[in-house]
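The opening position of the sequence shown corresponds to residue 339 in our numbering, with each subsequent residue numbered one higher.
Yeah, the Cβ is synthetic: ideal placement off N, Cα and C, and Gly gets one too.
This report concerns only the one structure given below.
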Amino acid sequence: MRVKRRDLTTGEIARYCQVTHFTVTNWINAGKLRAYRTPGGHHRVRPEDFIDFLITYRLPIPEEFALHSIPRILVVDDDAEVAAALSQALRQAGYQVETAADGYEAGLKMATFKPDLLVLDLIMPRINGFELCTRVKEDPATQHVKIIAMTGYVEENNVDKALASGADACLTKPFRPEQLLHEIHRFFPPEPHVYGKSQGLERRKVRRASLSLPVHYAVHAPQQKGEDQITGEGRTMNIGYGGLMLETDTLLLPSHLLTMDIYFPHRTEPVSIEGEVRWMQQGAEAKHLVGIRFLSISERARAVLAQELSQAEQR
């Protein structure tokens, strides 16, 4: 997970934005970029002010300055149905998820997917869950990864064995998705969705609602001469005050900016919101799962969103 960053120098901002030091100073003098002076007379910029500047002027946001982290979870189970069910529940909760069929495949995906947490079955072919726990915790490159083990063999003391092998928690099957999410929140508490100050929105801490809503969108991406604007449609997997997860046939890439029309039930007009693609991964049946962060939201859209999310939480 990301840690709190110190305030930035104009030289550091120049490197992030690929401009000169003088350009950054001009932004500050023009009031575009909020800054303060040190006792020695040097400019310093708080990370949140830098993010607000990037959002306002639609500049790419460096990964380490993402407003909130989206934990990556690797589900490891040789039972494909169990893995699929857990993956769906975790994606609907807003996490990035991949699966592996056994400990060997999990080891390969550790290097490419770089998960923050493993949810793994203990009894698997080739490399079992006990051995995988030990390998992960003994490797300095992966020992920070949290592990939630699963077992259906309580009578064999598998829970104690899993914890002794390095698992941070162990659930006994069967269990409800809410139990798994509770364990995950112990290690990765849900973070507040932070909006840019230029939009006058407050920090809120809310759960995302698992609402399936039609979405039509247009992408504001650089186009080649003669090409049409990219448009598409999909459905939300979940939605919150700060963003949504979209399932769509169209390939959307990180940093793509788009305008979305979101259709809530029983409302005659869609809610229009501008957003930025933060991540994308391949879903089932050639579908793409896309994480979108809201950038600009009108007063009407904010009011509708607040009402709909409040109603969803009460159901």
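query, result
"Length at least 3, wholly inside the stretch 359-432: the beta strand (DSSP E) runs in chain order", "410-414"
"Straight-line Cα distance separating GLY629 from VAL414", "23 Å"
"Coarse secondary structure for ALA505, derived from DSSP in three states", "coil"
"Cross-strand partners of ALA556 (DSSP beta bridge)", "THR569 and THR597"
"LEU346 vs ARG382 beta-carbon contact at 8 Å", "yes"
"Test item: CB-CB of ILE485 and LEU519 under 8 Å", "no"
"Own chain partners of GLN619 with C-beta closer than 6 Å, once the 5 adjacent residues on each side are dropped", "LEU627"
"Nonlocal neighbours in the same chain, by C-beta distance under 6 Å from HIS611, ignoring five residues either side", "Note that residue 611 is Ile in the sequence shown, not His. Hits under 6 Å: MET598, PHE632, ILE635 and ALA639."
"Boundaries (first-last residue) of the alpha helix (DSSP H) holding THR450", "441-451"
"Limits of the unbroken alpha helix (DSSP H) element including GLY349", "348-355"
"Inter-residue CB distance, PHE602 and GLU571 (contact presumed, cutoff 8 Å)", "Contact doesn't hold; Cβ gap of about 15 Å is too wide."
"Buried or exposed by the 16-neighbour rule on C-beta atoms within 10 Å, applied to ARG429", "buried"
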